[in-house]
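What follows is a single structure, written as structure tokens, with notes after it.
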Amino acid sequence: AQTVTQSQPEMSVQEAETVTLSCTYDTSESDYYLFWYKQPPSRQMILVIRQEAYKQQNATENRFSVNFQKAAKSFSLKISDSQLGDAAMYFCAYRSRGSGNTGKLIFGQGTTLQVKP
Amino acid sequence: GAVVSQHPSRVICKSGTSVKIECRSLDFQATTMFWYRQFPKQSLMLMATSNEGSKATYEQGVEKDKFLINHASLTLSTLTVTSAHPEDSSFYICSARDFQGGSNQPQHFGDGTRLSIL
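Going down the list, the protein sequences come from chains P and Z. When the letters of the first sequence are read in order and numbered with our numbering, they come out as residues 3 to 119. When the letters of the second sequence are read in order and numbered with our numbering, they come out as residues 840 to 957.
Here is the structure:
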């Protein structure tokens, strides 16, 4: 079974600075997807960024980028130029890609990010 | 873009009441929907996978008779918490994916339901 681990329960960053959130996962599969979701106090789940395992190039979305290390099974999220609106709980998630899979997401424990003005 | 509508957003009811939560995909067909439960400051825990036209698949430890799931159409799944008790109080979130769009389609989440049992 696949597992996702986020070892940082809480992180803080100064506004305009850069912060990196860690995520590791365990799987025996070779083809899968990895995601970072943001959950602000409103508790709405917002997709931040997605990585396909067969792509070596790290995904980027504006101020958000990932460092995907497939061999190490590591998938960290870097937030550049942090803004107050980035304050939220961030979840790393895994999804199998193989045929017949249900598409369910497996979430890490979450990291609460505080942005200091 | 794709939207998932979840209702109600907040429910407060007495112990022993059964509560139904609806999850609708508004502009796509979802053969599979997912139901999660989330306690404060914790992660989302998958409760069950809802399959259109067939029985739901429950995760280990989730009581099937307690959490009834019905997925009668390609756009609607319901979760009924039967004879709810205070320990069932939690935040419940549904999600769905447009399978017709291919395997790389992301999941879309509803806004969640905060259930409080007195």
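All C-beta atoms, glycine included, are put in the ideal place defined by N, C-alpha and C. If you're wondering where the values come from, they're calculated on a predicted model, not measured in any experiment.
Have a look at P:T153 and Z:M884 and give me their C-alpha separation to the nearest angstrom.
Because chain P spans 3 through 119 in this model, residue 153 of chain P falls outside it and cannot be assessed.
Taking buried to mean at least 16 other C-beta atoms within 10 Å of its own C-beta, is P:G110 buried or exposed?
For the purposes of this step, residue 110 of chain P is taken as the residue at position 108 of the first sequence. Buried is the call here.
Output, in chain order, the set of chain Z residues within a Cβ distance shorter than 9 Å of P:Q85.
Numbered from its first residue, the first sequence carries residue 85 of chain P at position 83. Here the premise fails: no neighbours, minimum Cβ distance about 22 Å.
Go to P:R45, then tell me how far its beta strand (DSSP E) extends in each direction, as first and last residue.
The residue labelled residue 45 of chain P in the question sits at position 43 within the first sequence. From DSSP, P:R45 is part of no beta strand (DSSP E); its letter is neither H nor E.
Taking the runs of the beta strand (DSSP E) that are 3 residues or longer, which of them lie wholly in the segment 38–83 of chain P?
Within the segment 38–83 of chain P, the complete beta strand (DSSP E) runs of at least 3 residues are 48–54, 66–71, 76–81.
Using the beta-carbon of each residue, which ones in chain Z are nearer than 9 Å to P:L107?
Residue mapping note: residue 107 of chain P aligns to position 105 of the first sequence, counting from 1. Simply F873, Y875, L883, L885, S934, Q946.
Against chain Z, with Cβ distances strictly below 8 Å, would P:Q4 count as a contact?
On the first sequence, residue 4 of chain P is found 2 positions in, with the first residue counted as 1. No, P:Q4 does not count as interfacial toward chain Z.
Quick one, are the C-beta atoms of Z:S844 and Z:G951 less than 8 Å apart?
Taking the first residue of the second sequence as 1, we reach residue 844 of chain Z at position 5. Taking the first residue of the second sequence as 1, we reach residue 951 of chain Z at position 112. Against a cut-off of 8 Å, the Cβ pair of Z:G951 and Z:S844 comes out as no contact.
Please report the Cβ distance between P:E19 and P:S76, rounded to the nearest whole angstrom; I am assuming they are in contact, meaning their Cβ atoms lie under 8 Å.
Looking up residue 19 of chain P in the first sequence gives position 17. Looking up residue 76 of chain P in the first sequence gives position 74. Not a contact, Cβ separation roughly 22 Å.
Excluding the 5 residues flanking Z:E891 on each side, which residues of the same chain have their C-beta closer than 6 Å to its C-beta?
As a first step, residue 891 of chain Z is located in the second sequence; it is residue number 52 there, counting from the start. T870, H910, L913.
Closer than 9 Å by beta-carbon distance: list the chain Z residues that pair up with P:R65, in chain order.
Your numbering for residue 65 of chain P matches position 63 in the first sequence. Within 9 Å Cβ-Cβ: nothing; P:R65 doesn't reach chain Z, min ~19 Å.
Closest Cβ-Cβ distance between P:T104 and chain Z: below 8 Å?
To locate residue 104 of chain P, count along the first sequence from 1; it is residue 102. For P:T104, the answer is yes, since a Cβ of chain Z falls inside 8 Å of its Cβ.
For P:A5, which residues in the same chain have their Cβ closer than 6 Å to its Cβ, ignoring the five residues on either side in sequence?
Mapped onto the first sequence, residue 5 of chain P falls at position 3. In the sequence on display, residue 5 of chain P carries Thr and not Ala. Here the set comprises D28.
Looking at the secondary structure, which residues open and close the beta strand (DSSP E) in which P:V117 lies?
Your numbering for residue 117 of chain P matches position 115 in the first sequence. P:V117 -> beta strand (DSSP E) spans 113–118.
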